[in-house]
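Trainee: Please see the structure below; I have some questions.
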Amino acid sequence: MDLLSQVLSSLRIESTSISRWRLSAPWGVDVSRFEPGFCLRIISGSLCWQGEDSRPIWLHAGDTLLTLRGSKGQLRSELGTRCTAIHELPWQGDSYTGLGANRQPSSAQQLQWGGGGEACELLGLAFTFQYSSSVQLLSSLPEIIVLPQGQAPAAPFFTSAINHLMDDHQPGYQAVAGQLSELVVLSLLREVMLTTNSAASGWLKGLQDRHIHPALLAIHNTPQQPWTLTNLAQQAKLSRSAFAARFKRIVGMGPVEYLSRWRIQIACDHLRNSSDSVEQIAAQTGFGNDRTLRRVFKQQLGISPRDYRRHYRAGS
Numbered sequence: 000m001d002l003l004s005q006v007l008s009s010l011r012i013e014s015t016s017i018s019r020w021r022l023s024a025p026w027g028v029d030v031s032r033f034e035p036g037f038c039l040r041i042i043s044g045s046l047c048w049q050g051e052d053s054r055p056i057w058l059h060a061g062d063t064l065l066t067l068r069g070s071k072g073q074l075r076s077e078l079g080t081r082c083t084a085i086h087e088l089p090w091q092g093d094s095y096t097g098l099g100a101n102r103q104p105s106s107a108q109q110l111q112w113g114g115g116g117e118a119c120e121l122l123g124l125a126f127t128f129q130y131s132s133s134v135q136l137l138s139s140l141p142e143i144i145v146l147p148q149g150q151a152p153a154a155p156f157f158t159s160a161i162n163h164l165m166d167d168h169q170p171g172y173q174a175v176a177g178q179l180s181e182l183v184v185l186s187l188l189r190e191v192m193l194t195t196n197s198a199a200s201g202w203l204k205g206l207q208d209r210h211i212h213p214a215l216l217a218i219h220n221t222p223q224q225p226w227t228l229t230n231l232a233q234q235a236k237l238s239r240s241a242f243a244a245r246f247k248r249i250v251g252m253g254p255v256e257y258l259s260r261w262r263i264q265i266a267c268d269h270l271r272n273s274s275d276s277v278e279q280i281a282a283q284t285g286f287g288n289d290r291t292l293r294r295v296f297k298q299q300l301g302i303s304p305r306d307y308r309r310h311y312r313a314g315s
């Protein structure tokens, strides 16, 4: 499996909320306190996005706005319009109480709101990732991503699928919505990551480097191997010091730290999806013994492997 596929496959959507917005100018929505990631596809009309200390970005029909971890900003029909907090809007549908392992709306939400002027229709998808270090792999991507019309070829299919779910109140809705959300988000991320200038640093930039790419591929393909700085440098065909400096400059962290983070991600997957003991998982992920795994796990995620597993078993 190629490196991009491995990273995308490691991401799991934990919870999702689908929505349709039918707005009429003037209108303004403040999403500063909305913590989940979200994507908005503009079906008709236009809007302005403005984050804190950033210039306004105008989006039009066919464009998609994506943020992976929430963003402090406002959506407006025009500059200067007063904004209302997103939680205070007159949403219709299942009551929204947040997203998480044990919280997910059982139906889509709809909004019809505004001053009666020019119309703007949006389809929205809010989501959270499963609690793991995999999200850190996306940190090199911009906080706000705009995909212009035509840059997300699968978007028309997603639009039809989400529209189909808007009035679905039958049993099984959450399972279908969750799978669709994961497909939408991973597809959009793939388009972003295949854009050459999508990141100034990070593993994605390393994917494009002829020396760093082989080392990253070795880490991802065989994380259980006893990799050292020396033999990773051999994979990169660089001296030990040149490799360490180049890796840190491009990826944003040292190769040993990156290896540790990827191993923790694999451990998270085992804890969620298997009944293997912590000792077995330590051996499978290259930590050698359970004491080292527990220590590094706690350092990176702030929680013990046992508590992590209990959290997800309780939410399943």
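For the sequence shown, numbering that gives the first Met the number 0 begins at 0 and goes up steadily by one.
Virtual Cβ for every residue (Gly too), placed ideally from N, Cα, C.
Would you say residue 125 touches the ligand MG, meaning its beta carbon is less than 7 Å from a heavy atom?
Mentor: Of ligands this structure carries none, so the ligand MG is not represented either.
Trainee: If the criterion is Cβ atoms closer than 8 Å, does the pair residue 42 and residue 146 meet it?
Mentor: Their beta carbons are not under 8 Å apart, which means residue 42 does not touch residue 146 by this criterion.
Trainee: With respect to the beta strand (DSSP E) encompassing residue 120, which residues constitute its N-terminal and C-terminal limits?
Mentor: It spans 118-128 - the beta strand (DSSP E) in which residue 120 sits, taken as one unbroken run.
Trainee: Of all the options 127, 193, 69, 249, which has the alpha carbon lying nearest to the alpha carbon of residue 205?
Mentor: Nearest of 127, 193, 69, 249 to residue 205, Cα basis: 249.
Trainee: If we count the other Cβ atoms within 10 Å of its Cβ and call it buried at 16 or more, is residue 92 buried or exposed?
Mentor: Label assigned to residue 92: buried.
Trainee: Let me check one thing: in DSSP terms, what residues is residue 146 bridge-paired to?
Mentor: The partner list for residue 146 (beta bridge, DSSP) reads 63.
Trainee: Return the bridge partner residues of residue 321 from the DSSP annotation.
Mentor: Because residue 321 is not part of the residues shown, which for the chain are 0 to 315, the question remains open.
Trainee: Helix, strand or coil, according to DSSP, for residue 4 in the structure here?
Mentor: Correct three-state label for residue 4: helix.
Trainee: Under DSSP, the alpha helix (DSSP H) around residue 267 begins and ends at which residues?
Mentor: Run containing residue 267: 254-272, per the alpha helix (DSSP H) assignment.
Trainee: For residue 45, which option in 77, 113, 68 has the closest C-alpha, if you only look at C-alpha atoms?
Mentor: Among 77, 113, 68, the Cα nearest to that of residue 45 is on 77.
Trainee: Could you check what DSSP says for residue 186 in three-state terms: helix, strand or coil?
Mentor: Reduced to three states, the DSSP call for residue 186 is helix.
Trainee: When the Cα atoms are used, what is the spatial distance from residue 4 to residue 261?
Mentor: If you take the alpha carbons of residue 4 and residue 261, they lie about 14 Å apart.
Trainee: In its own chain, which residues sit with a C-beta less than 7 Å from the C-beta of residue 316, not counting the 5 before and 5 after it?
Mentor: Because the chain spans 0 through 315 in this model, residue 316 falls outside it and cannot be assessed.
Trainee: Check the C-beta distance from residue 253 over to residue 243 and give it rounded, since I have them as a contact under 8 Å.
Mentor: Sure, about 6 Å apart at Cβ, within 8 Å.
Trainee: Give a yes or no on contact between the segment 161-175 and the segment 106-125, applying the rule of three or more CB pairs nearer than 8 Å.
Mentor: Touching, yes, given that three or more Cβ pairs across the two stretches are closer than 8 Å.
Trainee: What does the alpha-carbon distance come out to for the pair residue 53 and residue 81?
Mentor: About 18 Å.
Trainee: Would you report the Cα separation of residue 275 and residue 32, rounded to the nearest angstrom?
Mentor: Cα to Cα, residue 275 sits roughly 39 Å from residue 32.
Trainee: Taking the continuous alpha helix (DSSP H) assigned at residue 234, which residues delimit it?
Mentor: Start and end: 228-235.
Trainee: For residue 19, does the count of other Cβ atoms within 10 angstroms reach 16, so buried, or fall short, so exposed?
Mentor: It is buried - the Cβ of residue 19 has at least 16 other Cβ atoms within 10 Å.
Trainee: Take residue 62 and list the residues in its own chain whose beta-carbon comes closer than 8 Å to its own, dropping the five residues that flank it on each side.
Mentor: Hits under 8 Å: 40, 41, 145, 146, 147, 148.
Trainee: Which two residues bound the contiguous alpha helix (DSSP H) that contains residue 278?
Mentor: Residue 278 -> alpha helix (DSSP H) spans 277-283.
Trainee: Apart from the five residues on each side of it in sequence, which residues of its chain come closer than 6 Å, Cβ to Cβ, to residue 21?
Mentor: 111, 120, listed in sequence order.
Trainee: Buried or exposed, going by whether 16 or more other CB atoms sit within 10 Å of the CB of residue 13?
Mentor: Classification for residue 13: buried.
Trainee: Would you mind reading off the limits of the beta strand (DSSP E) that contains residue 16?
Mentor: That run of the beta strand (DSSP E) goes 12-23.
Trainee: Starting from residue 45, trace the alpha helix (DSSP H) both ways and give me its first and last residue.
Mentor: No alpha helix (DSSP H) contains residue 45, which is instead part of the beta strand (DSSP E) from 45-50.
Trainee: Going by beta carbon distance, what residues of the same chain come within less than 7 Å of residue 229, once the five residues before and after it are set aside?
Mentor: Cβ within range, chain order: 239.
Trainee: Pick from 271, 28, 142, 191: whose alpha carbon is nearest that of residue 304?
Mentor: Per the Cα distances, 271.
Trainee: Going by beta-carbon coordinates alone, are residue 225 and residue 258 separated by less than 8 Å?
Mentor: Not closer than 8 Å, so no.
Trainee: Compare the C-alpha of residue 83 against each of 312, 236, 29 and name the closest.
Mentor: Cα-wise, what sits closest to residue 83 is 29.
Trainee: In angstroms with no decimal places, state the Cα-to-Cα distance between residue 295 and residue 263.
Mentor: Answer to the nearest angstrom: the Cα atoms are 8 Å apart.
Trainee: Roughly how far, in whole angstroms, is the beta-carbon of residue 201 from the beta-carbon of residue 138, given that I think they are within contact range, below 8 Å?
Mentor: About 7 Å; that satisfies the 8 Å criterion.
Trainee: Between residue 9 and residue 118, is the Cβ-Cβ spacing less than 8 Å?
Mentor: Going by C-beta atoms, residue 9 is not nearer than 8 Å to residue 118.
Trainee: For the alpha helix (DSSP H) containing residue 137, list its first residue and its last residue.
Mentor: From DSSP, residue 137 is part of no alpha helix (DSSP H); its letter is neither H nor E.
Trainee: By how many angstroms is the C-alpha of residue 17 removed from the C-alpha of residue 48?
Mentor: Straight-line Cα distance between these residues: approximately 20 Å.
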